[in-house]
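Residue numbers (the numbering used here): 61 to 327.
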């Protein structure tokens with residue numbers, strides 16, 4: 061009886077073992093297949109904001125769809141992947157190609173990229189009003205009295221501020237939030253690269269991060285400061301020029317570019 065039972069049991073377990081082995085094998089194949097998506101890279105947007113009633117556009121003003129990158133388990137890019145884009149909030153529609161169109165609302169809209177069984181991190185698009193003009197809210201010409209020795213954060217200009225304003229005041233909005241403003245720092249007629257801090261550099265209004273590009277905050281406002289390094293100045297009295305440019309659909313907004321002049325001399 062015992063031998064017979066063992067024989068029958070062995071016959072029953074053998075097919076089950078084959079099934080388990082097959083399943084284990086299939087899981088291994090799925091995890092390492094170069095065509096299986098295991099991660100989605102969705103960390104950039106064509107632009108921080110989209111205008112009510114318009115499509116999302118890039119910095120040149122061209123309609124630009126959302127774009128996520130699909131990766132396999134080895135970290136390789138899977139080209140031609142069918143990725144779906146979803147809005148987690150009302151106010152925008154997204155077509156099959158990833159093109160975002162904003163309806164009549166304002167504020168933040170969360171969007172994600174998705175494939176079956178997997179979704180990306182959340183990105184946030186600002187639905188805003190069209191930029192119609194630029195209002196300068198600080199002196200265009202100012203003076204920086206620098207001190208020696210040059211301690212970090214000491215020789216910094218007043219904030220060079222502006223507002224990207226809109227005439228489309230539906231909803232009580234007076235500024236265009238989430239709009240890009242590009243800055244250029246000039247010295248003796250030459251543009252200084254962001255990496256060239258020998259004479260001066262552009263910093264955020266809070267003085268924490270160097271930048272040549274900023275995004276307008278609530279109310280359409282933005283500002284930068286000039287950090288001067290006196291040791292690099294060829295003479296005691298010099299001047300630096302900051303040019304702020306704001307574009308809409310590839311063309312400069314009325315009032316742009318804005319030119320600021322910072323005159324420097326020792327205390």
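Heads up, the beta-carbon is just placed ideally off N, CA and C, and yes, glycines get one too.
Distance between residue j and residue i (C-alpha atoms, nearest Å)
| i | j | result |
| --- | --- | --- |
| residue 178 | residue 204 | 53 Å |
| residue 154 | residue 126 | 9 Å |
| residue 118 | residue 130 | 22 Å |
| residue 251 | residue 101 | 34 Å |
| residue 255 | residue 290 | 17 Å |
| residue 151 | residue 213 | 42 Å |
| residue 322 | residue 140 | 50 Å |
| residue 246 | residue 285 | 13 Å |
| residue 225 | residue 197 | 12 Å |
| residue 307 | residue 253 | 21 Å |
| residue 218 | residue 200 | 11 Å |
| residue 309 | residue 106 | 13 Å |
| residue 138 | residue 271 | 34 Å |
| residue 297 | residue 327 | 11 Å |
Identity of the residues DSSP links to residue i by a beta bridge
| i | result |
| --- | --- |
| residue 101 | 129 |
| residue 274 | 241 |
| residue 40 | What is shown of the chain runs 61 to 327, which leaves residue 40 out entirely. |
Host beta strand (DSSP E) of residue i (start-end)
| i | result |
| --- | --- |
| residue 143 | It is not in any beta strand (DSSP E) - residue 143 carries neither H nor E in the DSSP assignment. |
| residue 162 | 160-162 |
| residue 185 | 183-188 |
| residue 193 | 193-196 |
| residue 326 | 318-326 |
| residue 314 | Neither: residue 314 is in no beta strand (DSSP E) and is coded neither H nor E. |
| residue 175 | 167-175 |
| residue 289 | Here residue 289 belongs to no beta strand (DSSP E), and DSSP marks it neither H nor E. |
Identity of the residue in the options nearest residue i by Cα
| i | options | result |
| --- | --- | --- |
| residue 262 | 134, 238 and 300 | 300 |
| task | Inspect the CB distances between the region 232-245 and the region 205-217 and report whether three or more fall short of 8 Å. | result | No, they do not touch.
| query | At a cut of 8 Å, does the region 277-286 reach the region 310-317 through at least three beta carbon pairs? | reply | no
| request: Check whether the region 180-191 touches the region 104-117, taking contact to mean three or more Cβ pairs, one atom from each stretch, closer than 8 Å. | output: Yes, the region 180-191 touches the region 104-117.
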